[in-house]
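There are 2 protein chains.
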Amino acid sequence: MTTKRRILDTATTLFNNATTGEVSTNHIAEAAGISSGNLYYHYPNKEAIIRAILEQMFDDFGEVWVLPHDRKVTLTDVQNTMSRLFEVLWRFRFFYREQLALMRRDPELSTRHQQMQGQRIGEQEQFFLRFVEDGVFKVPEDPSHFRAIITACWVIANNWLSFVETSGEAVEPAQLERGVNLIFRVMEPYLSEAALATQATLRGERYDQAHSNQTAVAKQP
Amino acid sequence: MTTKRRILDTATTLFNNATTGEVSTNHIAEAAGISSGNLYYHYPNKEAIIRAILEQMFDDFGEVWVLPHDRKVTLTDVQNTMSRLFEVLWRFRFFYREQLALMRRDPELSTRHQQMQGQRIGEQEQFFLRFVEDGVFKVPEDPSHFRAIITACWVIANNWLSFVETSGEAVEPAQLERGVNLIFRVMEPYLSEAALATQATLRGERYDQAHSNQTAVAKQP
DNA sequence: GTCTATATCGCGATAGAC
DNA sequence: GTCTATCGCGATATAGAC
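Printed below as a string of structure tokens:
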């Protein structure tokens, strides 16, 4: 692994475990096993490191919203996509903890992130439209209402891990699933009848796995 | 105004306009028109200042969830409460920008905030139950589902202003209203028929009676 | 590319006069 | 209560040898 790369990985780990303010370039260099001078040979300053990490995160997001083109998508595809999304959010959680502070300190980061976010939101809209096409979601009578729900899901997704952390709960991969479920709850009223049936089945299965000696409880209409 | 108080107000303003990391105790003292030494006479350190501000925010939250006891509550009461909530969130927005970083740096702040959040969430649940009682919300068949929606609204409320800011839009009082509307959208499927009609009237929108067996409302072309 | 050594700066915090 | 003066520290960043 190149030194440039090791710096990024080390920094990401340190940032995730502390705050960007507490992690100095000296700390990063030490943890990466190189000298401070060497670190500055590769990156002009800490902000440049953060920006480089952000680019990597952006690349990873690109792989989140992919859907199969050879078949109709189902509710399970939504679920898997959400899981992928949360996994990336988890890997770069430090960024979402301090997002606005970081953006304020570095206008360049701010601009770049706005571009990224715009693109991501666009991808997400396309994503949901595909599910409308394939009959997972009801066809929205009011597009602005539909967009509002997407925005709501967006806000929840991006802030779920932070919410867990502020509640004093340990932030573990298991919590990612709770976030996925929460988003499902918000989307539920907009699912088609067919998708709702699928969901009941899925949830029953999950329930079975969690409490294997009990029977799944299916909600009665 | 006492010096102690002026320090808090000045600090709040500075924090809102920059980040807590950029605002040093020297800056606060200077902006408050006192010496650094004097500042340290009143507060032992910057963290204590932030904690004091947080206590003030907590007090302000206490006034948000009050509801009239002499009459039934309506959808308008939800709206007004949300507006009050957003107003407080706006006044102390610096805290929500850096919440987790601040909590990590100061365990005492972290503990206190968790108490506060627990209490606030409790208040919010009571709040919504009142609206169920008074027929604004449908009686939930599944309490856990209801709680999930409340959690969703909580996450959205606390992060809406940050979302606006990260999108690069100016954060103005007008944006507060958009946040209120977004939360309404999420709650909409859980409103009673009666409340839905009220909402349509409030907004001056057409009420599509597709699922209504109540009095017809004039449709606009 | 990588190191050591060092310059510079400002922050947090305290001492002591008034 | 308020000020001035100051110390210690650690962070960012650079210079120059190898």
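Chains A and B are the protein sequences, given in the same order.
Going letter by letter, the first sequence gives residues 1 to 221 in the working numbering.
Going letter by letter, the second sequence gives residues 1001 to 1221 in the working numbering.
No residue lacks a Cβ here, since even glycine has one placed at the ideal position from N, Cα and C.
Contact set for residue i: own chain, Cβ-Cβ below 7 Å, skip 5 residues either direction
| i | result |
| --- | --- |
| H42 of chain A | T3, K4, I7 |
| E123 of chain A | W65 |
| F1015 of chain B | V1023, F1094 |
| W1090 of chain B | L1161, L1176 |
| M58 of chain A | Note that residue 58 of chain A is Phe in the sequence shown, not Met. Cβ within range, chain order: M116. |
CB contact below 8 Å: residue i versus chain B
| i | result |
| --- | --- |
| H145 of chain A | yes |
| Q119 of chain A | no |
| L100 of chain A | yes |
| G122 of chain A | no |
| A233 of chain A | No statement about residue 233 of chain A is possible, as the shown extent of chain A runs from 1 to 221 and does not include it. |
| A148 of chain A | yes |
| A18 of chain A | yes |
| M103 of chain A | yes |
| L91 of chain A | Just to set this straight, residue 91 of chain A is Arg in the shown sequence, not Leu. Taking Cβ atoms only, chain B never reaches closer than 8 Å to R91 of chain A, which makes this a no. |
| F15 of chain A | no |
Exposed unless 16 or more other CB atoms sit within 10 angstroms - verdict on residue i
| i | result |
| --- | --- |
| V180 of chain A | buried |
| E1063 of chain B | exposed |
| D106 of chain A | buried |
| N159 of chain A | buried |
| Q1199 of chain B | buried |
| E165 of chain A | buried |
| H145 of chain A | exposed |
| R71 of chain A | exposed |
| A1174 of chain B | exposed |
| E1098 of chain B | buried |
| T1151 of chain B | buried |
| T201 of chain A | exposed |
| H1113 of chain B | buried |
| M103 of chain A | buried |
| T9 of chain A | Inspection of the sequence shows that residue 9 of chain A is occupied by Asp rather than by Thr. Looking at its Cβ environment, which holds fewer than 16 other Cβ atoms inside 10 Å, D9 of chain A is exposed. |
| D142 of chain A | exposed |
Residues that residue i bridges to, as DSSP identifies them
| i | result |
| --- | --- |
| F1137 of chain B | B:L1191 |
Neighbour flag for residue i against chain A, beta carbons, 8 Å
| i | result |
| --- | --- |
| T1198 of chain B | no |
| Q1114 of chain B | yes |
| R1071 of chain B | no |
| G1021 of chain B | yes |
| I1053 of chain B | no |
| M1057 of chain B | no |
| A1152 of chain B | yes |
| R1097 of chain B | yes |
8 Å CB neighbourhood of residue i in its chain, flanking five on each side removed
| i | result |
| --- | --- |
| L1191 of chain B | L1075, V1136, F1137, K1138, Q1199 |
| I156 of chain A | G179, L182, I183, V186 |
| P140 of chain A | V132, F146, Y190 |
| L196 of chain A | E188 |
| E1047 of chain B | R1105, D1106, E1108, L1109 |
Contacts around residue i, its chain only, beta-carbon distance under 6 Å, and the 5 residues preceding and following it disregarded
| i | result |
| --- | --- |
| D134 of chain A | K72, V73 |
| A11 of chain A | I28, I49 |
heavy atom of the ligand PLP below 7 Å from residue i C-beta
| i | result |
| --- | --- |
| R1178 of chain B | Annotation note on the ligand PLP: not contained in the displayed structure, which lists no ligands. |
- Item | Interface positions of the stretch 1154-1173 of chain B facing chain A (Cβ-Cβ less than 9 Å), listed along the chain | W1154, V1155, I1156, N1158, N1159, W1160, S1162, F1163, E1165, T1166, S1167, G1168
| said: Any C-beta of chain B within less than 7 Å: which residues of the stretch 182-194 of chain A qualify? | reply: L182, R185, V186, P189
Which residues, taken in chain order from the stretch 1026-1039 of chain B, show a beta carbon closer than 7 Å to some beta carbon of chain A? none
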